[in-house]
Structures are given as structure tokens and as C-alpha cells.
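Residue numbers for the sequence shown follow the working numbering, beginning at 258 and rising by one.
The beta carbon of each residue, even a glycine, is placed where N, CA and C say it ideally should be.
Nothing here was measured: the structure is a model prediction, and the numbers come from that model.
One structure below.
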Amino acid sequence: MSDDWEVKILCMGAGYVGGPTMAVIAKQCPKIRVVVGDISQKQIDAWNTDKLPIYEPGLLDVVKESRGRNLFFSTDLDKEINEADIIFISVNTPTKTRGIGAGRAANIKNCELCARHIAKVATSDKIVVEKSTVPVRTAEAIQRILKANDNGYKFQVLSNPEFLAEGTAIKDLMKPDRVLIGGQQTPEGLKAAETLVSVYAHWVAREQILTTNLWSSELSKLVANAFLAQRVSSINSISALCEATGADVSEISRAVGMDDRIGKRFLQSSVGFGGSCFQKDILNLVYLCETYGLSACADYWKQVILMNDYQKKRFSEKIVSSMFNTVTGKKIAILGYAFKKDTGDVRETPSMFVVRDLLQEAAKIHIYDPEVSREEMWKEMDYTCGVNHENTPRLDESVITSEDAYKACEGAHAVCILTEWDEFKTLDYKKIYESMSKPAFLFDGRLIMDHKALRDIGFEVHAIGKPDPKKFSGV
Ligand code: NAD
Ligand code: UGA
258 MSDDWEVKIL CMGAGYVGGP TMAVIAKQCP KIRVVVGDIS QKQIDAWNTD KLPIYEPGLL
318 DVVKESRGRN LFFSTDLDKE INEADIIFIS VNTPTKTRGI GAGRAANIKN CELCARHIAK
378 VATSDKIVVE KSTVPVRTAE AIQRILKAND NGYKFQVLSN PEFLAEGTAI KDLMKPDRVL
438 IGGQQTPEGL KAAETLVSVY AHWVAREQIL TTNLWSSELS KLVANAFLAQ RVSSINSISA
498 LCEATGADVS EISRAVGMDD RIGKRFLQSS VGFGGSCFQK DILNLVYLCE TYGLSACADY
558 WKQVILMNDY QKKRFSEKIV SSMFNTVTGK KIAILGYAFK KDTGDVRETP SMFVVRDLLQ
618 EAAKIHIYDP EVSREEMWKE MDYTCGVNHE NTPRLDESVI TSEDAYKACE GAHAVCILTE
678 WDEFKTLDYK KIYESMSKPA FLFDGRLIMD HKALRDIGFE VHAIGKPDPK KFSGV
């Protein structure tokens with residue numbers, strides 16, 4: 258299209274999606290120029306160092322392979338919008354916190370700002386690609402904004418939602434189950450979609466690149482996340498029944514998942530799902546259903562979130578009730594704060610809700626997580642739970658972060674495993690037990706531990722969906 262490059266790409270938004278996605282495109286397509294742009298100078302500066310702004314296994318190697326060759330990070334959005342043939346919009350679309358639809362609708366303000374920015378400074382035709390997860394029919398809004406401000410240039414809007422999961426982003430991007438591209442079913446729309454198909458076709462088999470209409474593409478993204486989260490809530494609802502009846506939730510996951518029609522994945526019972534998207538996207542779906550007057554459908558999907566809230570609360574309550582109905586003044590060690598292993602992301606992490614509940618019980622909390630910074634922890638705690646240093650006295654004394662798992666557990670009355678980091682499986686639990694107050698409790702919120710071995714050491718173990726041997730003999 259221009260210069261010696263096959264095509265020039267700009268991605269607006271250098272976050273968990275924009276950064277890794279563009280780094281993989283640049284790696285797989287050395288003849289395509291890829292720029293990742295952001296309004297945050299701090300974010301871009303970090304992408305230009307070896308201390309990237311996000312932790313993702315394998316990401317640094319992929320970035321280093323292309324950075325300075327065909328991968329660039331910049332805040333000069335005016336210049337890069339002008340240069341680009343294809344512009345991805347990969348900005349955050351959080352749940353609205355105020356106004357109409359607050360607490361449910363997705364806020365697409367950032368997408369709109371990108372569209373306005375593109376229309377304002379573009380001096381040639383562009384393909385604009387929605388990479389952010391958005392409510393169905395957002396492309397129509399973007400198309401209208403672009404058209405109303407177009408200075409005579411033509412814009413084609415595509416939807417290309419991202420399905421990567423954090424912690425496995427590079428693997429997911431290198432070998433995606435599918436790439437989804439939605440476009441207008443007009444000659445210009447189909448041509449634009451074909452241009453984007455040819456980018457992915459550098460490394461993804463054509464039959465795995467699906468092209469659909471715009472609305473199917475936008476809605477498929479919400480549906481995929483809703484179905485995945487629904488499986489987690491389904492198995493979590495069964496975990497409560499297991500604890501009441503003596504059945505074992507892991508055995509049930511295995512027995513049920515071996516049915517090909519059901520499948521094995523996303524049946525791992527846990528303290529609840531977290532992350533920036535499951536809850537946000539289901540709320541978005543609920544709001545859409547309500548907007549179209551489909552209250553029965555809205556109520557159906559709402560249950561997935563209510564079950565997740567129940568599971569997180571149930572875990573906190575189990576800690577308190579098992580420890581003689583009080584944790585006041587007791588040291589509780591929390592192993593794991595990220596919403597899943599292999600990421601430092603704490604958005605909507607279930608760990609935070611347990612910590613909030615234990616704080617209300619006046620416990621002394623010691624947290625260890627290999628990737629989470631104290632700053633990120635407090636930022637998210639304030640944003641999501643409204644707990645901060647101004648409204649909570651002596652917060653820094655009540656919540657200590659440790660550099661080391663053993664230190665976090667020293668003298669503790671209980672250890673809670675809240676993220677499934679591999680390193681937690683191989684700690685010396687005998688040493689931990691010896692250093693703890695007795696009786697020493699261990700609450701496994703991720704089902705990653707050998708409970709029999711822990712009980713043999715002397716721990717009183719409580720695990721989600723597992724029969725309590727004191728209550729059920731012979732299991
Ligand atoms: P993020 O918060 O990590 O990154 C978004 C970035 O966009 C930020 O760096 C922000 O500064 C930047 N930004 C905001 N407004 C901008 C503007 N006007 N111009 C340029 N940059 C701007 O968010 P994320 O996790 O990367 O998610 C982005 C989108 O992708 C969301 O819609 C999300 O739902 C979706 N998604 C996320 C994941 C995931 O695993 N995190 C996976 C699939 C889809
Ligand atoms: C999820 C989807 O898996 C991605 O396909 C999607 O692109 C992404 O959301 C998004 O749109 O943001 P992510 O949130 O990064 O990815 O991570 P998941 O692996 O899906 O885990 C989400 C939460 O569910 C985590 O807290 C995890 O611990 C929990 N989970 C997952 C379970 O409790 N049990 C399971 O069996 C699986």
C-alpha cells in the first residue's frame with residue numbers, strides 16, 4: 258500500500274490486548290509496520306524498555322524480536338494515524354460507574370474518542386478495526402462519528418474481537434482457535450475484511466479465520482465470555498452441594514468433562530472468577546438484553562454473576578466460621594493476589610474480595626504474590642471495593658505485603674491459597690506448619706494442593722467442593 262511496507266498498522270491502546278496482539282502481528286509479519294500508540298506516556302515509555310508494563314510469559318522475547326525493526330511504541334498519535342492504513346482500537350471499555358446503565362453498561366467513551374481523533378487528523382482512507390470488546394452495534398456509532406467528521410476520506414469499520422486469555426496470551430495469539438472478522442456486507446466492507454484477513458493469514462490457516470457480519474462478530478465476543486464464565490459458575494454452584502453431601506467437585510469435573518459434548522475445560526472450581534472481562538462482559542450482555550426488552554434473558558445471565566458473588570462470599574464466611582467464628586486480631590496469610598496465575602493483573606480478583614471481608618473482621622492480613630505490586634493492589638481495592646487509606650484507618654498496619662511466602666505465613670493462624678501459582682505447590686509446608694499458630698488452618702481456594710499430605714503434617718484443611726473428613730468418614 259505505501260512505502261516499502263506491505264501495510265501500515267496503528268493500534269490505539271497499549272494495554273493487555275494492544276501490546277501483545279501487535280507484538281505477535283509484528284513478529285509474524287516482518288514486512289508490516291506496526292505501531293502501538295497510547296495517550297499514556299508512562300505506558301509507552303515502559304513498552305520501550307525491558308521492564309514491560311504488563312507481565313505475560315514470553316512477551317518480552319516477542320517484543321524484543323521486532324522492536325525497532327517493524328514494531329514501534331509511540332504517543333505521537335496524530336502522526337501515526339496519518340501514516341496508518343489499518344487502525345485498531347484496543348482501548349479499555351469498563352463498566353459504567355455513573356449515569357444511565359451504571360453498574361451494567363460498558364462505557365465506550367474511549368472508543369468514541371479514538372474515532373473522533375482518527376476523523377480529525379486523517380488525511381487518507383482508513384480501515385478502522387474494533388479490537389476492544391463492545392456492545393453489539395457499536396460499529397454503527399463509530400461509523401457515524403467517522404462519517405460525520407470525515408473531511409472527504411473514506412473509513413471502513415471492522416469488528417475483530419480478541420479472545421486471548423492473560424497468562425497464555427502469546428500462545429493464544431500464535432495459535433488462535435479462530436480469528437473473527439466482522440464487516441459490512443457491501444463490496445467495500447468485504448474488501449476491507451479481506452485486507453485484514455490477509456494480515457492474519459501470514460500465520461493463521463484460512464479456515465480458522467471466520468468472516469461474519471458486524472453484529473455477529475461484536476456479539477460473539479460477549480457470548481464467548483458469558484459461556485466461559487457460566488461454566489465456572491455452574492461448577493462453583495456444584496462445589497457448594499459437594500461440601501454438603503460428601504461428593505468431590507474435582508471428581509465431578511472429571512466425570513462430567515469426559516463427555517465430549519461437555520468438554521473438560523473451564524470446569525475447575527475456584528474461589529470465583531475474576532479478571533477485567535468476565536463480569537464486565539456479562540453485565541454488558543445483561544444490559545443489552547434489558548435494552549431490547551428481553552428481561553427473561555437478562556435475568557438468566559445475571560445469575561452467573563450472582564453465583565460468582567456467592568462463591569467469593571462463601572469462601573470468606575468459611576474462613577471465619579471454621580476459625581471459631583472470629584478472626585479478629587489473627588494473622589491470616591494470603592498466598593496469591595492476581596486473578597489467575599502467570600499475570601500481575603488484579604482487576605476484579607477474587608482475592609481482593611476475600612481480603613476486604615477479612616479486613617471487616619479486623620484480621621491482620623499478610624499477602625504474598627510473585628507479580629502483584631502493592632500500588633496496583635490498593636488502586637484496584639479503591640476502584641472496585643471503595644476501600645482506601647482515607648476511609649479505612651490503619652490500612653497499612655492491617656494489610657502487609659510480603660516479599661516471601663514463608664514470611665507471610667510465619668506465625669499465621671491460617672493460610673489461604675487464592676491464586677493457583679505453580680510455586681505454591683512446591684513450598685515446604687512442613688516448615689510453614691511449624692512456624693504457624695496452632696491449630697493451623699489452610700483454605701485452598703484453587704484446589705491445587707495435596708490435601709492428604711497437608712493433613713498428615715497437621716493442618717486443618719478446608720477446600721472448595723471437597724468433603725470434610727471430619728464430617729464424612731471414609732471418603
Ligand atoms: P488496558 O486498560 O490494559 O489498556 C487500554 C489502554 O488504552 C490503556 O493503556 C489506555 O491508556 C489506552 N487508551 C485509553 N484511551 C485511549 C485513547 N483515546 N487513545 C489511545 N489510547 C487510549 O485494557 P485491555 O485489558 O488491553 O483491554 C482492552 C479491550 O480489550 C477491552 O475492551 C477489553 O474488554 C478487551 N479484551 C481484554 C482482554 C484481556 O485479557 N485483558 C482480552 C480480550 C479482550
Ligand atoms: C478470558 C477468556 O478466557 C478470554 O478468551 C477472553 O479473551 C478474555 O477473558 C477477555 O475477554 O478478557 P482471562 O480473563 O484472561 O480470559 O482468563 P481466564 O483464563 O478465562 O480466567 C478468568 C477467571 O476464571 C480467572 O479468575 C480464573 O481463575 C477463573 N477460572 C477459569 C476458574 O475459576 N475456573 C476455570 O475452570 C477457568
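Buried versus exposed call for residue i [16 or more other C-beta atoms within 10 Å across all chains shown]
| i | result |
| --- | --- |
| Asp707 | exposed |
| Ile357 | exposed |
| Ile402 | buried |
| Tyr457 | buried |
| Ala450 | buried |
| Ala553 | exposed |
| His646 | exposed |
| Ala405 | exposed |
| Leu415 | buried |
| Arg435 | exposed |
| Gln525 | buried |
| Thr600 | buried |
| Arg361 | buried |
Cβ-heavy atom distance, residue i to the ligand NAD, below 7 Å
| i | result |
| --- | --- |
| Glu423 | yes |
| Met269 | yes |
| Asn367 | yes |
| Leu370 | yes |
| Leu437 | no |
| Gln298 | no |
| Leu545 | no |
| Asn349 | yes |
| Lys388 | yes |
Euclidean distance between Cα positions of residue i and residue j
| i | j | result |
| --- | --- | --- |
| Gly529 | Asp260 | 50 Å |
| Thr734 | Cys642 | There is simply no residue 734 to check, as the chain begins at 258 and stops at 732 in what is shown. |
| Met258 | Ser507 | Only weak support is given to the placement of Met258: the predicted model assigns it a pLDDT of 48, under 50, and the question is left unresolved by the model. |
| Val454 | Leu267 | 16 Å |
| Thr583 | Glu632 | 29 Å |
| Ala501 | Leu540 | 30 Å |
| Glu340 | Lys265 | 7 Å |
| Ser510 | Ser490 | 13 Å |
| Ile705 | Ile562 | 24 Å |
| Glu263 | Cys286 | 9 Å |
| Lys588 | Ala669 | 5 Å |
| Leu616 | Lys687 | 28 Å |
| Asn364 | Ala504 | 42 Å |
| Glu574 | Gly424 | 29 Å |
| Gly439 | Val391 | 13 Å |
| Thr676 | Glu313 | 16 Å |
| Ser659 | Leu684 | 15 Å |
Check: residue i C-beta below 7 Å from any heavy atom of the ligand UGA
| i | result |
| --- | --- |
| Val480 | no |
| Gln525 | yes |
| Ser416 | no |
| Val489 | yes |
| Lys597 | yes |
| Ser474 | no |
| Gly503 | no |
| Gly531 | yes |
| Leu652 | no |
| Phe610 | no |
| Cys534 | yes |
| Phe581 | no |
| Leu704 | no |
Cβ of residue i within 8 Å of any chain B Cβ
| i | result |
| --- | --- |
| Pro392 | Among the chains in the structure shown there is no chain B, since it carries only a single protein chain. |
Identify every run of the beta strand (DSSP E) within the segment 607 to 680, keeping only runs that are complete inside it and at least 3 residues long; order them along the chain.
621 to 625, 656 to 658 and 671 to 674
Can you give, in chain order, each stretch of the beta strand (DSSP E) that sits fully within the segment 374 to 433 and has at least 3 residues?
383 to 387 and 412 to 416
In the segment 456 to 544, which residue ranges form an unbroken beta strand (DSSP E) of at least 3 residues, counting only runs that do not cross its ends?
466 to 470
Curious, which full-length beta strand (DSSP E) runs of at least 3 residues does the segment 296 to 384 contain?
328 to 331 and 343 to 346
Runs of 4 residues minimum, wholly inside the segment 675 to 716: which ones carry the alpha helix (DSSP H) assignment?
686 to 692 and 708 to 714
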